[in-house]
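The structure under discussion appears below in the form of structure tokens.
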Amino acid sequence: MLDALDDAGRYALFFLTPQLMETEGGLVRRILGSGHLIGVLAQGEDLAQTSRFLEQGELALEELAHTRTT
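With this note's numbering applied, the sequence shown corresponds to residues 25 to 94, in that order.
Listed below in structure tokens is the structure:
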């Protein structure tokens, strides 16, 4: 999918779980390096768990791509 988007000169927003970001660092760097955006996909059982997932995703992006989330 990334190759097709790059060939077409298009950009996309990808929503990834914190777990995927932690295990697929190369993919995260490629997505961001190609100019695409990443959103944290965080769906917990309750607000507290969802908040923890969001924090986990923010930390993963900071470590992998040296970027801050908004």
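Even for Gly, the Cβ is constructed at its ideal location relative to N, Cα and C.
Under the three-state DSSP convention, the category residue i falls into
i	result
residue 61	strand
CB-CB length for residue i against residue j, believed under 8 Å
i	j	result
residue 83	residue 66	Actually they are not in contact, since the Cβ atoms of residue 83 and residue 66 sit about 12 Å apart, beyond 8 Å.
residue 88	residue 57	Between residue 57 and residue 88 the Cβ distance is about 11 Å, and since that is not below 8 Å, they are no contact.
residue 85	residue 91	6 Å
Cβ neighbours of residue i in the same chain (closer than 6 Å, five flanking residues each side left out)
i	result
residue 27	none
residue 64	78 and 81
residue 42	77, 80, 81 and 84
Residue range of the alpha helix (DSSP H) that includes residue i
i	result
residue 32	26-32
residue 81	71-89
residue 47	42-47
Residues near residue i in its chain [Cβ-Cβ closer than 8 Å; skip 5 each side]
i	result
residue 38	55, 60, 61, 62 and 63
residue 47	none
Sequence-distant residues of the same chain with beta carbon closer than 7 Å to residue i, five excluded per side
i	result
residue 71	none
residue 36	29 and 60
residue 25	none
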